[in-house]
Amino acid sequence: MNDSIDVLVNGEPRTVARGVTLLALLRSLELDPRAVVVEHNRAIVRRPMLGDVTVAAGDAIELVHFVGGG
Amino acid sequence: MTAAVDAIRDTPFVVGGHTFHSRLMVGTGKYRDNETMARAIEASGAEVVTVAVRRVDLDRSKETGILHHLDPNRFFLLANTAGCFTADDAVRYARLAREAGFNEFVKLEVIGDQETLLPDVQGLLEAARTLAKDGFKVLAYTNEDLVTALRLEDAGCAAVMPLASPIGSGLGLLNPYGVRTIKRRLGVPVVVDAGVGTASDACVTMEQGVDGILMNTALAAARDPVAMAHAMRLAVEAGRTAYLAGRMPRREVAVPSSPLEGMLD
Numbered sequence: 000m001n002d003s004i005d006v007l008v009n010g011e012p013r014t015v016a017r018g019v020t021l022l023a024l025l026r027s028l029e030l031d032p033r034a035v036v037v038e039h040n041r042a043i044v045r046r047p048m049l050g051d052v053t054v055a056a057g058d059a060i061e062l063v064h065f066v067g068g069g
Numbered sequence: 000m001t002a003a004v005d006a007i008r009d010t011p012f013v014v015g016g017h018t019f020h021s022r023l024m025v026g027t028g029k030y031r032d033n034e035t036m037a038r039a040i041e042a043s044g045a046e047v048v049t050v051a052v053r054r055v056d057l058d059r060s061k062e063t064g065i066l067h068h069l070d071p072n073r074f075f076l077l078a079n080t081a082g083c084f085t086a087d088d089a090v091r092y093a094r095l096a097r098e099a100g101f102n103e104f105v106k107l108e109v110i111g112d113q114e115t116l117l118p119d120v121q122g123l124l125e126a127a128r129t130l131a132k133d134g135f136k137v138l139a140y141t142n143e144d145l146v147t148a149l150r151l152e153d154a155g156c157a158a159v160m161p162l163a164s165p166i167g168s169g170l171g172l173l174n175p176y177g178v179r180t181i182k183r184r185l186g187v188p189v190v191v192d193a194g195v196g197t198a199s200d201a202c203v204t205m206e207q208g209v210d211g212i213l214m215n216t217a218l219a220a221a222r223d224p225v226a227m228a229h230a231m232r233l234a235v236e237a238g239r240t241a242y243l244a245g246r247m248p249r250r251e252v253a254v255p256s257s258p259l260e261g262m263l264d
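In order, the protein sequence lines correspond to chains H and X. For what it's worth, numbering that gives the first Met the number 0 labels the leading residue of the first sequence as 0, then goes sequentially. For what it's worth, numbering that gives the first Met the number 0 labels the leading residue of the second sequence as 0, then goes sequentially.
Next up, the structure:
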């Protein structure tokens with residue numbers, strides 16, 4: 000069984016380790032969990048739950064934050 | 000402010016149960032650099048600053064976030080749903096923004112036309128109802144149409160934000176009557192959003208009696224954004240104070256200011 004899976008992060012294909020949590024994914028991308036909001040397959044995952052949610056093959060993950068706007 | 004102006008009693012500016020000390024709200028987009036933005040916001044005296052929700056840039060994520068340049072403890076962050084063309088998208092963006100954990104306020108935009116960025120009134124009402132029921136304090140960006148504004152108030156919006164003119168156009172207040180009528184008829188605060196180009200536009204807008212103004216491009220695209228921010232601060236204060244002072248009646252004929260008596264033969 001392959002140890003890595005393909006997912007979509009912010010619309011881009013990425014290969015991540017099987018069984019990785021959202022929190023571990025953020026860490027691997029060097030993102031501070033307090034500075035981003037995570038949407039997993041269209042559902043918001045609150046910060047305290049990030050370490051409990053495991054990423055599966057084909058999942059779509061959106062990582063957003065505040066930028067300049069009017 | 001001088002003591003004379005202090006004597007003019009103004010009502011507090013309250014939106015969604017939160018009292019704000021400045022009637023000028025500013026955006027954070029389109030500045031040439033973040034330092035200019037920070038200085039302009041400082042000069043504007045604004046407390047409410049708007050921000051947009053966007054994907055983190057995974058290649059340069061350390062720098063793109065606005066909160067590296069703006070202290071969220073000093074400013075009230077008002078997230079927008081700019082760029083959303085459907086009610087569903089706007090609701091999705093609003094929920095993501097709320098999850099950032101600052102407040103439950105959202106500047107709701109549902110855009111209906113790419114060229115003019117005018118609102119999709121139907122989508123706007125739908126999103127406003129959904130978000131208000133979900134506990135959001137909705138500030139709805141809309142056109143200067145009274146009936147839409149009334150429907151938005153009925154939908155549970157905390158404030159209604161009619162445009163002065165299209166976003167980023169700088170055309171100033173095109174329909175003073177429309178904006179004035181909305182202010183007269185609504186119970187919730189009316190904050191004019193978009194289209195103000197220079198200080199006189201801000202002043203005239205505030206003279207209509209509206210509760211506040213939100214602007215972005217007028218500052219960001221000025222030759223000197225910091226100086227323009229200062230001018231806008233003064234203009235908003237001037238316009239508000241003039242409104243409270245009550246202007247003289249307009250007359251079609253001249254009325255002399257000097258006595259008619261005592262003229263020489």
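Just so it is clear, CB atoms sit at the ideal spot from N, CA and C, and this is done for glycine as well.
1. Which of the three DSSP states is assigned to Tyr140 of chain X in this structure?
2. Would you say Val55 of chain X reaches chain H, if we count a Cβ-Cβ gap shorter than 7 Å as a contact?
3. One question on the structure: do Ala282 of chain X and Met231 of chain X come within less than 7 Å of each other, judged by their Cβ atoms?
4. Identify, in the order they occur along the chain, each residue of the same chain with its Cβ nearer than 6 Å to the Cβ of Leu25 of chain H, setting aside the five sequence neighbours on each side.
5. Since Met214 of chain X is in the alpha helix (DSSP H), which residue starts that stretch and which ends it?
6. Compute the Euclidean distance between the alpha carbons of Pro118 of chain X and Asn142 of chain X, then round it to the nearest angstrom.
7. Check whether the Cβ atoms of Leu76 of chain X and Lys106 of chain X sit closer than 7 Å, and answer yes or no.
8. Please state the DSSP three-state secondary structure of Pro188 of chain X.
9. Rounded to whole angstroms, what is the Cα-Cα separation between Asp70 of chain X and Pro12 of chain H?
10. Quick one: is Ile43 of chain H near chain X, going by C-beta distance under 7 Å?
11. Over what stretch of residues does the beta strand (DSSP E) that includes Lys106 of chain X continue unbroken?
12. Do you know whose CA, among X:Val109, X:Val55, X:Thr115 and X:Val137, lies nearest Gln121 of chain X's CA?
13. DSSP three-state call for Ala51 of chain X: helix, strand or coil?
14. Is it right to say Glu206 of chain X is buried, meaning 16 or more other beta carbons lie within 10 angstroms of its own, or is it exposed?
On the basis of the data shown:
1. Annotated three-state conformation of Tyr140 of chain X is strand, per DSSP.
2. For Val55 of chain X, the nearest CB of chain H lies under 7 Å from its own CB, placing it at the interface with that chain.
3. The structure shown does not extend to residue 282 of chain X, since chain X is modelled only from 0 through 264, so no value can be given for it.
4. Cβ within range, chain order: Pro32.
5. Where Met214 of chain X is concerned, there is no enclosing alpha helix (DSSP H), although the beta strand (DSSP E) it sits in stretches over Gly211 to Met214.
6. In a straight line, the C-alpha of Pro118 of chain X is about 7 Å away from that of Asn142 of chain X.
7. Cβ distance not < 7 Å, so Leu76 of chain X and Lys106 of chain X don't count as in contact.
8. It is coil, neither helix nor strand.
9. When rounded, the distance between both Cα atoms is 34 Å.
10. So, interface residue.
11. Segment Phe104 to Leu107, the beta strand (DSSP E) holding Lys106 of chain X.
12. Of X:Val109, X:Val55, X:Thr115 and X:Val137, the residue nearest in Cα terms is X:Val109.
13. In the structure shown, Ala51 of chain X falls within a strand segment according to DSSP collapsed to helix, strand and coil.
14. Note on Glu206 of chain X: 16 or more other CB atoms within 10 angstroms of its CB, so buried under the neighbour-count rule.
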